[in-house]
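Each remark here refers to the structure printed beneath this line.
Protein chains: 2
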Amino acid sequence: MRRTLSMVVNDQPGVLSRIAGLFTRRGYNIESLTVGTAEQPGLSRMTISTTGDEAELEQIIKQVEKLIDVISVVSIGEDALVARELMLIKVSASAPARSEINGIVEPFRASIVDVAHSSLIIQATGDTDKNDALVELLRPYGIIEIARTGVTALIRGQLVSA
Amino acid sequence: MRRTLSMVVNDQPGVLSRIAGLFTRRGYNIESLTVGTAEQPGLSRMTISTTGDEAELEQIIKQVEKLIDVISVVSIGEDALVARELMLIKVSASAPARSEINGIVEPFRASIVDVAHSSLIIQATGDTDKNDALVELLRPYGIIEIARTGVTALIRGQLVSA
Chain A
3 MRRTLSMVVN DQPGVLSRIA GLFTRRGYNI ESLTVGTAEQ PGLSRMTIST
53 TGDEAELEQI IKQVEKLIDV ISVVSIGEDA LVARELMLIK VSASAPARSE
103 INGIVEPFRA SIVDVAHSSL IIQATGDTDK NDALVELLRP YGIIEIARTG
153 VTALIRGQLV SA
Chain B
3 MRRTLSMVVN DQPGVLSRIA GLFTRRGYNI ESLTVGTAEQ PGLSRMTIST
53 TGDEAELEQI IKQVEKLIDV ISVVSIGEDA LVARELMLIK VSASAPARSE
103 INGIVEPFRA SIVDVAHSSL IIQATGDTDK NDALVELLRP YGIIEIARTG
153 VTALIRGQLV SA
């Protein structure tokens, strides 16, 4: 089962490598990690998406909580989560292919953010599965590059995530 | 000056902590880091946004290139870049405040993705400055939580980023 950890940490060099190192030492795979400014100055919110053994993850959470500069850690199940990922895709596109690609991009509420002679950059936002589906639809045109942020998330409703 | 590093790495545990550790040991601050699946299976694209001494950054890039599981590293200036960040903001919102907030959110092409009795979650995509501006406009309503992915980026036009 996929678990999402939402953490608030001090915005200090070293926090990221300490947390990532803890997962590595236990051989626990991080599917995605995002980190950005949190609601208060000096704090960052880090979101880690993982799949793996639940009991092992509980152990990791306990160790993360003890790390210096870590303020709070919460594990959120998929049902309680608003989870989104941003993706940029550079795809080959001759002039005739462009309108076809437009027809694919629109229903995904994605948008074209850069146009060159023979390529486009498309920006898409959604959950991981939706973004994966868009990649598959664009693959026949020739995907040049993909850049994805990984998942960021908040708990639904009024509760506080971490 | 802000520099953006775009790297292609093998999707292996330990890559993230090795790269982050290299920045930490040199006391070089990472503003944001994102990592997600790249265009080929088994590869991830990592995007690091930094500000700091250029010469020092060149040294770090050389060391990153030598790391195991790192396939390529490119440093991209702001002018050649399509750079985007995704942000989720949970904001206090009574029924009367909701329509006011709608009026703020629309011109930013942001959208409301969750509604509770006294709060909303807003999803916004843009460059860091645009997202910062939205946060400031929403601050008077009471910001409960913010989750940001950090910046992901591709080179404009047909060139390949890394």
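Order-wise, the sequence lines are chains A and B. Adding 2 to a residue's 1-based position in the first sequence gives its number in the numbering used here. Adding 2 to a residue's 1-based position in the second sequence gives its number in the numbering used here. A virtual CB, placed ideally from N, CA and C, is assigned to each residue, including glycine.
Let me confirm a value: A57 of chain A is counted as buried when at least 16 other C-beta atoms fall within 10 Å, else exposed. Which label applies? Exposed, since its Cβ has fewer than 16 Cβ neighbours within 10 Å.
Limits of the alpha helix (DSSP H) - the one that G105 of chain B falls within: G105 of chain B -> alpha helix (DSSP H) spans 97 to 107.
When you compare each of B:V11, B:R4, B:R5 to I148 of chain A by their alpha carbons, which one comes out closest? Restricting attention to B:V11, B:R4, B:R5, the CA atom closest to the CA of I148 of chain A is found in B:V11.
Please classify N133 of chain B: does DSSP put it in a helix, a strand, or coil? DSSP places N133 of chain B within a helical segment (H, G or I) once states are collapsed to three.
Hey, how far is the Cα of K92 of chain B from the Cα of A82 of chain B? Between K92 of chain B and A82 of chain B, the C-alpha separation is close to 33 Å.
Looking at the secondary structure, which residues open and close the beta strand (DSSP E) in which A57 of chain B lies? Not the beta strand (DSSP E): A57 of chain B falls in the alpha helix (DSSP H), residues 56 to 68.
State the CB to CB distance for the pair T154 of chain B and T49 of chain B, rounded to an integer number of angstroms; the pair is presumed to be in contact (CB under 8 Å). About 5 Å separates the two Cβ atoms, so the contact holds.
Does R5 of chain A get closer than 9 Å to chain B when you measure Cβ to Cβ? Output row for R5 of chain A: interface = no.
Taking DSSP's pairing of strands, which residues face T53 of chain A in a bridge? Partner(s): A:R4.
Counting Cβ pairs, one atom from each stretch, are 3 or more of them under 8 Å apart for the region 58 to 72 of chain B and the region 20 to 40 of chain B? They touch, by the three-pair rule.
Using 9 Å as the threshold, is the C-beta distance between S51 of chain B and T6 of chain B below it? For S51 of chain B and T6 of chain B, yes; Cβs fall inside 9 Å.
Specify, as a first and last residue, the run of the alpha helix (DSSP H) that V23 of chain B falls within. A small correction: the amino acid at residue 23 of chain B is Gly; Val does not occupy that position in the sequence shown. 17 to 27 is the extent of the alpha helix (DSSP H) around G23 of chain B.
Note down, in chain order, every chain A residue with its Cβ under 8 Å from the Cβ of N31 of chain B. Going along chain A in sequence order, the residues near N31 of chain B (Cβ under 8 Å) are P15.
Identify whether D13 of chain B lies in helix, strand or coil by the three-state DSSP scheme. Note: D13 of chain B maps to coil in three-state DSSP.
Could you check what DSSP says for D116 of chain B in three-state terms: helix, strand or coil? In this structure, D116 of chain B counts as strand in the three-state DSSP scheme.
Proximity to A85 of chain A [Cα-Cα], best of A:I157, A:M9, A:M3, A:V115: Looking at the Cα atoms, A:I157 is the closest of the given residues.
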